[in-house]
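Data block below; observations after.
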């Protein structure tokens, strides 16, 4: 009956095709796929409003879909209902070089955006690795390698158009650089993983493509030395655009996978954005600090193909580790601690891996205190999943005990609801549930995610 | 009866003294003072929770109070009730040089914090001018002269402890540099002007005191030239720490007030933070750009007392304009537009001032597109207030028509509720009201502010 109403309103945009439903049943995580009852391909904000009005009247779940690259089951329709596919809303609506901002539809992908912006000499820096949609990146509060300099989605989304559960269309902010007008709805929707509304337009802050992009690498005998060096680089305010750790295990995996001969030590990769003069100063400062912390084999380049080679270990780490496990899927890990606790957190994690006999190379956005353990497993091997889950639980508890968070950038999704309560306490999560209930009283928006099930009886 | 209960629980911390109530009846705006029925001087989070529990049970309004420096009646108890004074909660609880953050109580004042932090070689950059409390600055979403480089309170508050209307104590976030765990409660409370809860602890991001602080000034024949120069400086990513406009009228007022002989032209004041090398590069770039836009009389210095002299026009502008009006109070103005619209907005505003025969020097954080017209008036002169209010309405409408906001940094308070609806639409303000009602169903938290009156019948 819901499908009939959707068809009457939206025609061919509604699909119940098995292959299409299957495609919308899972993200890139190991979580169990679940089929939506239908997929709606929206092409405009009005389509989204129509879908939500009909589904709200029938209390039918709606889960927004972008590129399906989430890592915590964030876009999996665990209660069935409608998968609302926004990938056809992929227009870049406006670019302003003067204001350094743009307005786009949510289905625009990261690489597509930067290719388009390059003609203006501009770029959007958030780089989570995957070629995700910008709507999805905003919804999960994505960040990545460049966050240490430019910030995460939280910092760079200026305004959103959002459709709420009842089909109302909200604009969260004007596009002035700053405002103190009313509650910050922009930040409320960023990172809410589609549980409060569906994003149909984004205004983003942009940056000029730097005159010079310089890359550098250094090796270390221990992760602690590398991380202690990073702490001092950050503390002294050296202007790094990326500062990434690839540990020895990951380098070994890359050498095996890519047939390279990188020195098999803990590796730091750095990038600097600026003018020729400013990057030269920044590189010299960073090098001096890192060498004092035992960094060796300093190499640098500003040539693009050379840069790619220098960063090869970082680019290939994910694939190299996935190749370690035939038929494997990524078992997502993502913790973030205050940078002063990073050495301890990484060292204890390495010991845990070794004690548990788990192969788990570590890569991370260490300038932010954020790192991942690259675990893979066969989703059919329940025992292996259980072992990794136990390790993962210990990892998250370790992060929380060190004043960290259970997720720096992947979001809560299905997997981390209980950790959210451990992290912030039931009073904070109750406040989130009260907000969820206020904006989505029928609980149709991506139900079961982030704050779990919400009903009037919670209050 | 409420007061009896408060006294029984909090003893001498509760005052009904007339002078104390009078002191809590008004902020620095021209809005009509209104007396609270009592003032509670909280000394800990528990005092705040106790106060809120008692007041919530009796549906008695509670308005948080810091330093009383707000400019839109934000802290005025317009419905009476309790003024909850947090100024005695002025402890700096923790400073981490490694993590570049600190945790403080809400009554800590800006200057006190920076004096304390200087022993660590650190500082907190947000500078709204007034020596406000950090709790108040977070509540109003303050920003100021350094926001162009370091961001506003929105960007620099990492976590809050907040007591909600029912007396529950919430921690909004861990102190990791980034997180995507759950809804962003931190940003929901920042800028909510005490209408959703009372902040009792703040964790703030800090920065190292730069090795070199260099200041510079330049004069321009027209505001348009000055602003067009600023746009290009920002667009090319020159690393300015402050870039302020003081228009010719303000310079004239300063010369009269401070007996100085500054060149009576439109003035840009700049500050650069970094190393000796990096600031030299930044200054040369900025100078070259601004001279192409007609900038003249470039002066620079790194000496602190010289810097103060160079910036005298900016420091004295407020006092000079207030002196223009005996017994005057500031008539607060604050708009912010996308920087591409700034020249037009400032030019049209100057024409409006001239047409309306209003004395209104303009100063502004032009790197962010934010400016103020320094209006003063005798609060007893109702005709004068009406004339200024009409001008002010035109100014806000102009900002909104240019995709700007009705307030870049002063907040909504009492005065701008209707503009908030014009700015974001009734759907967005209804969503804010739904959130307000969810977290404060009895409407006791700073009632009548930001979103106006809220009751179940709104929904």
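Residue numbers (our numbering), protein chains in the order written: chain V, 193 to 651; chain C, 193 to 651.
We put the CB at the ideal spot given by N, CA and C, even for glycine.
Closest option to residue 508(V), judged by alpha-carbon separation, among 343(V), 294(V), 553(V) and 577(V): 553(V).
Residues 592 of the same chain have their beta carbon placed closer than 7 Å to that of residue 614(C), with the five preceding and five following residues left out of the count.
For residue 612(V), the chain C residues whose C-beta falls within less than 8 Å of its own C-beta are 373 and 374, listed in chain order. Scanning chain C for C-beta atoms nearer than 7 Å to the C-beta of residue 492(V) yields nothing, as the closest lies near 18 Å away. The continuous alpha helix (DSSP H) containing residue 501(V) extends over residues 496-502. A distance below 7 Å between beta-carbons, with the five flanking residues on each side excluded, links residue 520(C) to the following residues of its chain, in chain order: 514, 568, 569 and 570. Per DSSP, the continuous alpha helix (DSSP H) segment holding residue 303(V) begins and ends at 302-310.
By the C-beta density criterion, residue 224(C) is exposed, having fewer than 16 other C-beta atoms within 10 angstroms. Separation of the CB atoms of residue 412(C) and residue 406(C) is rounded to 20 Å, and the pair is thereby denied contact status at 8 Å. For chain V, the residues of the region 589-606 of chain C that bring a beta carbon within less than 7 Å of one of its beta carbons are 595, 596, 597, 598, 599, 600, 601, 602, 603 and 604, in chain order. Residue 516(V) and residue 444(V) have their alpha carbons spaced roughly 11 Å apart.
In the DSSP annotation of this structure, the continuous segment of the alpha helix (DSSP H) that includes residue 346(C) starts and ends at 345-348.
Identification of chain C residues near residue 629(V) by a Cβ-Cβ cut-off of 8 Å yields 630, ordered along the chain. Taking a contact as a CB-CB distance under 8 Å, the pair residue 206(C) and residue 230(C) counts as one, their CB atoms being some 6 Å apart.
Against chain C, the CB of residue 332(V) has a partner CB under 8 Å away; the residue lies at that interface. Between residue 260(C) and the set 631(C), 385(C) and 579(C), the nearest pair of CA atoms involves 385(C).
A residue is called buried once 16 or more other Cβ atoms fall within 10 Å of its Cβ, and residue 578(V), having fewer, is exposed. The region 577-642 of chain C is shown to contain whole alpha helix (DSSP H) runs of 4 or more residues at 609-631, in chain order. Residue pairing by DSSP places residue 466(C) opposite 404(C) in a beta bridge. At a cut-off of 8 Å, the C-beta of residue 550(V) has no neighbouring C-beta in chain C.
For residue 445(C), no beta strand (DSSP E) encloses it; the enclosing alpha helix (DSSP H) starts and ends at 440-450. The alpha-carbon separation between residue 475(C) and residue 334(C) amounts to approximately 27 Å. The DSSP-derived three-state label of residue 360(C) is coil.
For residue 594(V) and residue 646(V), the gap between their C-alpha atoms comes out near 30 Å. At a cut-off of 8 Å, the C-beta of residue 361(C) has a neighbouring C-beta in chain V. Judged by DSSP in its simplified three-state form, residue 511(C) adopts helix. Rounded to whole angstroms, the separation of the alpha carbons of residue 315(V) and residue 555(V) is 25 Å.
Listed in chain order, the non-local C-beta contacts of residue 631(V) below 6 Å within the same chain comprise 356 and 388, local neighbours out to five positions each way being set aside. Closer than 8 Å to the CB of residue 386(V) there is not a single CB belonging to chain C.
A direct Cα-Cα distance of roughly 7 Å separates residue 532(V) from residue 423(V).
One finds 368, 369 and 370 in chain C with Cβ atoms closer than 8 Å to the Cβ of residue 562(V), taken in chain order.
The continuous alpha helix (DSSP H) containing residue 419(V) extends over residues 415-427. Shortest Cα-Cα distance from residue 442(C) to any of 226(C), 492(C), 557(C) and 512(C) involves 512(C). Distance from the Cα of residue 211(C) is smallest, within the candidate group 220(C), 499(C), 196(C) and 227(C), for 227(C). By alpha-carbon distance to residue 289(C), the top candidate from 313(C), 307(C) and 557(C) is 313(C).
For residue 216(V), same chain residues with a beta-carbon under 6 Å away, outside a window of 5 residues either side, are 228, 231, 257 and 275 in chain order.
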